[in-house]
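So the structure is just underneath, and the comments pick up after that.
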Amino acid sequence: MRSFAERSAEPELMDAEPVGLEDFRACLKDLATVNTLTLARRPTLAWLEQATGGMRPGEPLSLLDVGFGYGDMLRAIHGWCVARGFVPHLTGIDLNPWSAASAREATPAHMRIDYRTGDVFAFRPEQPVQFVVSSLFAHHLEDAQVAAFLAWMERTATQGWFINDLHRHPVPYYAFRAMARAAGWHRFVQHDGPVSIARAFRRSDWRRLIAEAGLDPGLVEIRWRAPFRLCVGRLR
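According to UniProt numbering, the stretch in the sequence shown is residues 1 to 236, in order.
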């Protein structure tokens, strides 16, 4: 029986095994399906609803998505912005060049989302960014990197930042493992999904990491969202 007391250090295949564009794209497509089935985009969109409460239709909205993968979160945010009358200026940064290639292919030209390849810690936006978000990215990082990422977002976002990630718990671990096998998803998804949950967080982890990042815990919200999401956000 696996222990969930501490974050797992087991690597994910997506991070460790080099594959070609076609194979990686197939993995990202299955992950986008998982995101839809598990309502993965909902916490981020709900936070944006809160974060933009004082904005009016016609105003620009600049946002950076870290670890964008297939770009499905950015496409959802684009649609959300348009529905509310905001003018979206959306950028994504991802370390894997196959992510940018796959996301561009899946994104209608009129959305004009700027997909970049690079290390987020070396990335400096050319223009100020109102909001920085990430979804299912933080659990790929080691603890020291998570603390550095929190500090980076605090420096970079002018109005707020949001991390949408997983709650480390046996229920989603075993449920997803069974679901992924039954669905016949890409081998990376079948392996990495449960590993992602084992690498994820509990409230005590986030409290410690927020402190290690030098942030005021009174200004950062940790919130559980169904199904088994543990999200961290900050509004200015």
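From the three backbone atoms N, C-alpha and C, an ideal C-beta is built for every residue, glycine too.
Note that the structure is predicted; figures quoted are calculated from it, not measured.
Nearest to A151 by alpha-carbon distance, out of L230, G20, Q127 and I210, is I210. Boundaries cannot be given for Q127, as no beta strand (DSSP E) includes it and DSSP labels it neither H nor E. Scanning the UniProt domain "Methyltransferase" (64-157) from its first residue to its last, the whole beta strand (DSSP E) runs of 3-plus residues come out as 87-94, 114-117 and 129-135.
In the DSSP assignment, S62 is bridged to H89. Where G233 is concerned, the enclosing beta strand (DSSP E) starts and stops at R229 to L235. For W206, the uninterrupted alpha helix (DSSP H) segment begins and ends at R203 to E212. By the Cβ-count criterion, W161 is buried, with 16 or more other Cβ atoms from all chains shown falling within 10 Å of its own Cβ. For V220, there is no enclosing alpha helix (DSSP H); the enclosing beta strand (DSSP E) covers residues V220 to R225. In this structure, the beta-carbon distance from G193 to A180 falls below 8 angstroms. In this structure, the straight-line span from the alpha carbon of M111 to that of D30 is close to 22 angstroms. Across the set V82, D72, E12 and L141, the C-alpha of L141 shows the shortest separation from the C-alpha of F121.
Closest in C-alpha terms to M55, from the list V66, R84 and R41, comes R84. Here L28 is buried. Its C-beta has 16 or more other C-beta atoms within 10 Å. For the pair L95 and L63, the CB atoms are not nearer than the 8 angstroms cut-off. If you draw a straight line from the Cα of V129 to the Cα of R234, it comes to about 14 angstroms. Within the same chain, Cβ atoms closer than 6 angstroms to the Cβ of I113 are found at L74, L90 and T107, the five residues on either side in sequence being excluded. DSSP, read as helix, strand or coil, puts F162 in strand. Here the alpha carbons of H186 and S99 stand approximately 16 angstroms from one another. A check of alpha carbon separations from M14 across A5, D165, P172 and R25 identifies R25 as the nearest. As a beta-bridge residue in DSSP terms, H167 pairs with F201. A contact is defined here as three or more CB-CB pairs under 8 angstroms, and the segment 197-205 fails this definition with respect to the segment 41-48.
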